[in-house]
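Scroll down for the structure; my scribbles are underneath it.
Numbering (this note's numbering), first residue to last: 73 to 217.
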């Protein structure tokens with residue numbers, strides 16, 4: 073586990089970019105934090121490092137977005153869901169694929185997520201407010217290591 077301190081959005085994006093460099097196709101990154109903590113900012117930095125050129129915005133109202141980059145990148149925001157039990161089976165299947173790298177905001181909603189072959193939880197990220205624009209960003213491996 074590593075913990076980095078960010079002093080603003082540019083530093084948070086840079087942490088996201090470094091994280092992206094550690095990922096391979098089929099990787100899923102679970103990104104947790106309070107509202108306004110910088111989850112989408114971190115994902116934006118990762119997307120830029122993965123070759124995404126279009127605007128990266130929170131998909132809160134659409135659940136997910138798929139971006140074209142050096143590899144396909146999926147960005148999910150599960151904030152508006154209470155859980156996956158009452159949702160359409162396969163709601164996330166088009167986003168969590170072996171050919172893509174995926175970032176999931178509010179992953180606690182997807183407890184017990186059933187991933188297909190070739191898709192694995194690669195990292196867990198927790199972002200905490202540290203006063204003003206500062207953030208504490210904790211990155212751990214798949215088992216919370």
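Built from N, CA and C at the ideal position, the CB exists for glycine as well. For clarity, every value in this text was computed on a predicted model and none was experimentally measured.
Strand pairing of residue i, partner residues [DSSP]
i	result
residue 192	99
residue 210	75, 198
residue 168	In the DSSP output, where bridge partners are listed per residue, residue 168 has none listed.
residue 175	101, 147
residue 141	Its beta-bridge partners do not exist; DSSP assigns none.
residue 203	None; residue 203 has no bridge partner.
residue 136	148
Residue-chain proximity (residue i, chain B), Cβ-Cβ < 7 Å
i	result
residue 102	Judged by its chain identifiers, the structure shown contains no chain B, having just a single protein chain.
Rounded C-alpha distance that separates residue i from residue j
i	j	result
residue 199	residue 102	11 Å
residue 176	residue 100	7 Å
residue 152	residue 104	14 Å
residue 195	residue 159	25 Å
residue 142	residue 135	22 Å
residue 215	residue 182	A caution first: residue 215 carries a pLDDT of 48, below 50, which makes its placement in the model too unreliable to give a value.
residue 166	residue 108	27 Å
residue 131	residue 78	23 Å
residue 218	residue 185	Any question about residue 218 goes unanswered here, given that the chain covers just 73 to 217.
residue 90	residue 121	8 Å
residue 208	residue 81	12 Å
residue 119	residue 154	27 Å
residue 174	residue 98	8 Å
residue 94	residue 140	19 Å
residue 148	residue 203	27 Å
residue 201	residue 193	24 Å
Helix, strand or coil at residue i according to DSSP, with G and I counted as helix
i	result
residue 198	strand
residue 90	helix
residue 116	helix
residue 124	coil
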